[in-house]
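Residue numbers for the sequence shown follow full-length UniProt numbering, so the first one is 1 and each next one is one higher.
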Amino acid sequence: MTEYLTTPQGRRIAHHRTEGQGPGIVFLGGFMSDMTGSKAMFLQDWAAAQGRAFLRFDYSGHGQSSGAFEDGCIGDWVEDALAMIKALTEGPQVLVGSSMGGWIALQIARTLPDRVKGLVGIAPAPDFTEDSMWAGFSEAQRVALMDQGRIVIPSDYSEDGYPITRRLIEDGRGRLVLRTPLSLPFPVRILQGTADTDVPVSVALRLMDHADCPDLRLTLVKGADHRFSTPECLAMIATAVNEVSV
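Spelled out as structure tokens, the structure:
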């Protein structure tokens, strides 16, 4: 059953929580995705079968949560995630971050290191607003974004494209994790498909090289795309969660 929690910032966040043993598992979704995606639902069922606590939720402006997507930014969604973890989980958690959720997981690890048991990144996309979006914009797009406050870019996942706001880009610059030391004092597993056209393998390699982590492993899956949702890929996610839960 979907429940709602109002964050300290006044945003109403839709979530689904399954009771169970720890360490709990928190799924952090991607940009413009919601908590009903195949990876989130698979993990919920898997966690239930293991008797593990599990939490999935929609960031503000996503899915069933309050707010408009265009009004949000990385900082808002990090606040949403922190509020959910603080209010709805107990003890150390395993963070499973998909794409943008991988960046948000790294932000949580910086803010609440004592609450992180381990981290699984599925094609994690740290700093993507700067290194993928802004870096990939034409000069005309950059001018339009700064002057008009928004542009729309094409997307394989939406016929209408993705609205990108000046606030999203500027807030992202204050949230970058690959420019300063990144300590991850817990097990980390990164899963990455070689056929991912949204987040290339180079991002995972850069994160692996940059992070200060005593137990970090990167698994490359030949032919897997950004969705990483085939039965084989989903099984690999479960295996990774088990590895970082010990």
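Idealized CB from N, CA, C, for every residue including glycine.
Within the model, the alpha-carbon separation for Gly91 versus Gly22 is close to 7 Å.
Beta-bridge pairing by DSSP links Pro163 to Val152. Among the bridge pairs identified by DSSP, Ala14 is matched with Tyr4. If you draw a straight line from the Cα of Met100 to the Cα of Asp198, it is about 11 Å long. Contact check for Ile74 against Arg115 fails: the beta carbons are separated by 8 Å or more. Using a Cβ distance threshold of 8 Å, Leu43 and His15 do not count as a contacting pair.
Assignment of Thr239 by DSSP, reduced to helix, strand and coil, places it in the helix class.
Assigned with DSSP and collapsed to three states, Lys39 falls in helix.
For Ala109, the enclosing alpha helix (DSSP H) covers residues Met100 to Thr111.
Residue pairing of Val221 in beta bridges, as defined by DSSP: Gly193. Scanning the UniProt domain "Serine aminopeptidase S33" (44-132) from its first residue to its last, the whole alpha helix (DSSP H) runs of 4-plus residues come out as 74-88 and 100-111. Arg150 and Ile164 have their alpha carbons spaced roughly 5 Å apart. Rounded to whole angstroms, the Cβ separation of Leu182 and His210 is 6 Å, and the two are in contact under 8 Å.
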